[in-house]
Every structure is written in structure tokens, then in C-alpha cells.
Amino acid sequence: MKKFGITILLTGLLFSAPASAQNANIEPRVERLEQEMRAVQRKVFPGGSSRYFEPEITAEAGPASPPPNNTTSAVSDLIARVDALEASLASLTGRVEENGYRLQKIEDKLAAAEAVTASPGAQAPATTPQPSKTTAEAAEAAPDPERVAGVASIIMPETGDAAEDAYIYGYRLWDAKFYPEAQTQLKKMVEDHPGHPRASFAQNLLGRAYLDDGKPALASVALYENYQKRPRGERAPDSLYFLSTALVQLGKKSDACRVLAEMQDVYPEVASGRLADRVASGKAAANCK
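Heads up, the sequence shown is in the working numbering, so the first residue is 1316 and it goes up one at a time.
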């Protein structure tokens, strides 16, 4: 849409100027800008619509000749706009390239970490130490053998109910305080079995695992989604309570009070029964009136 709007702007300006002003100095630059816009769109939206073409960017053959003395003010304005557009396009292209490089580096690191975690008994290939890495950084990057062994000791049950087994396995990881591993398992359980009754339990426990891992922002998203997508789920009221806890940690106490009030309004029996003590403690933590 941005390319379309820019093309209309340039076309309108060209038609508003005298015919003599539409000379070879302006038109090649406009064509080149449109080609570069298509190239940038291809970088930003790879694999998109067939409207996008291969980059057709080429350097200008030489410096453009100065405009004739009778150039109108409309054409001068057009040249200034084209200059500004070229500068903006160059900045955008540079940022796309930089972000693409940084994203690739992050993906490479994640792939390497997952490969090591997936094979607890395998040893990472020997590499030559890089001078730029300190001993502390190298130790942090290497998996903790004790942790790897601890995670491997957590067994997934096999009851014949895949959803139940997946939830219990995630619960055992959380109970053993392997919070990142529990988060991964619980997210997978919800993705694989979104309609199972245990999905409400798993999504709620995912939010708690984020809270226990010191990530209240992620916890608030997971907990609110459980309430929003499964309002009749067995752990929907619990998710509202833990959502208020996450909001308090984020410094949003007034929002936490509103969440607790909604919990009491939507689930009055649970709020005054099974979760009564937690509602009271939640209100105290948020300074609710």
C-alpha cells in the first residue's frame, strides 16, 4: 500500500507539471525508486504475492545533467521530493538488512541450543575458544550437566490419554522447578490439545510457570488468554487470580483490583469458596478498596 501511495503521488506531480518538465532526468529516477521499493518489499515480505518481482536495482550510468534554466517550480518540488524519497529508501533498506542479519544470528543460536538440549547424552562438538568470549560467558552457554540429568529424570506417564499425559509431564517439570522446560511442554500441550479439559489446567499452569520464572508480562498474556478462550474451563477463575498477581508485579495495582472484581462477578461461588483466601490476599497485595 505504501508503494501504491507513493506511485500515485509521483504520477500526480508529473501530470501537474508542464510536459517539457517530464524529461529523462526525472523519469529514470522515479522508475528506479519503484524498482527499489519492490526490492525492499521482497525483503520485508519474503514469499509474498506474485506481484513482487526480483530486485532490478542498478547503479545510475552517470551523474544526471543539471535541469534546464526554465525548470518550473512544480518540477523543482518534484526533484526535492524524489531526493527525500531516495534518502528514506536507503535508510529503510539498511535497517531491513541489519534486522535480517540480527534475526539470523538469533535463530542460529536457538537452533544450536535446542540441538544440545534434545540430546542430553551427546557432547557438544569441540570448538576453538574465541578470544572475545570470557570464561564466564562460555560456562553460561554450556548446558548444566546436573540440570540436563534432572530434566531427563522426569518421566512422562503413559496412560493412553495423550493430553492428560502431556499435562502431567508439564506439571512434573514445573513442580521440580524446571520452569523453562515446563513452559515449553505446557505450551505444546495446549497447542496439540486445545479442546481437552486439561487445556485449561495447562494454560493456567503455563502462566504460573512464567510467574515463578520472574516473567510477569508473559504470565499476564498466558493467564488472560486462558480466561478469554476458556471462560468455562475449570482453571479460568484461578487464571484471573494469578493475572492479578502478575499485574501487581508489573506495578498495575488498579488493573489488578479490576481483575479481582471481575472474578468475583463472573465466578461468585469460586471467589467466595475455593479461592476465597487467595482473593483476600490478592486484594491486600493490590491495595484494593
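The beta-carbon is built from N, C-alpha and C at its ideal position, and this holds for glycine as well.
Note that the structure is a prediction, hence the values are computed from the model and not measured.
_Exposed unless 16 or more other CB atoms sit within 10 angstroms - verdict on K1492_ = Exposed is the call here.
_Cβ-based burial, A1336 [other Cβ within 10 Å; buried from 16]_ = Interpretation of A1336 is limited by its pLDDT of 46, a score under 50 that renders its predicted location unreliable; the figure taken from the coordinates is listed afterwards. Answer is buried; the Cβ neighbour count reaches 16.
*Could you check the C-alpha separation between K1604 and S1569 for me, to the nearest Å?*
One C-alpha to the other measures close to 10 angstroms.
_G1485 vs L1520 beta-carbon contact at 8 angstroms_ = For G1485 and L1520, yes; Cβs fall inside 8 angstroms.
*What residues in its chain sit with their C-beta under 8 angstroms from that of R1545, if we drop five residues either side in the sequence?*
A1514, S1515, Q1518 and A1551, listed in sequence order.
*So, are the CB atoms of A1561 and L1590 less than 8 angstroms apart?*
Contact: no.
*Could you give the residue range of the alpha helix (DSSP H) that holds Y1582?*
Counted as a single uninterrupted DSSP element, the stretch harbouring Y1582 is not any alpha helix (DSSP H), since DSSP gives it neither H nor E.
_C1603 in three-state terms, based on DSSP_ = Coil, per DSSP.
_Distance between beta carbons of S1554 and L1538, contact taken as under 8 angstroms_ = Yes, L1538 and S1554 are in contact; Cβ-Cβ is about 4 angstroms, under 8 angstroms.
*asked:* Taking the straight line between their C-alpha atoms, what separation do you get for D1459 and D1580?
replied: In this structure, the straight-line span from the alpha carbon of D1459 to that of D1580 is close to 47 angstroms.
_If we require 4 or more residues per run, which alpha helix (DSSP H) segments fall completely within the stretch 1483-1561?_
Correct list: 1494-1507, 1513-1527 and 1531-1544.
*Quick one: measure Cβ to Cβ for G1597 and S1559, integer angstroms, because I've assumed they're closer than 8 angstroms.*
Right, their Cβ atoms sit about 5 angstroms apart.
*What do you get for A1376, buried or exposed, if any count of 16 or more other CB atoms within 10 angstroms of its CB means buried?*
Its pLDDT being 48, under 50, A1376 is placed unreliably by the model, and the measurement read from it follows with that caveat. That one is exposed.
*Thinking C-alpha only, which one of V1536, L1575, G1588 and P1472 is nearest R1487?*
Distances from the alpha-carbon of R1487 to those of V1536, L1575, G1588 and P1472 put P1472 closest.
_Simplified DSSP assignment, three categories, for P1458_ = P1458: coil per DSSP, three-state reduction.
_Given Q1498 as reference, the closest of L1425, Y1482 and P1512 once Cα atoms are compared_ = Scanning L1425, Y1482 and P1512 for the CA closest to the CA of Q1498 turns up Y1482.
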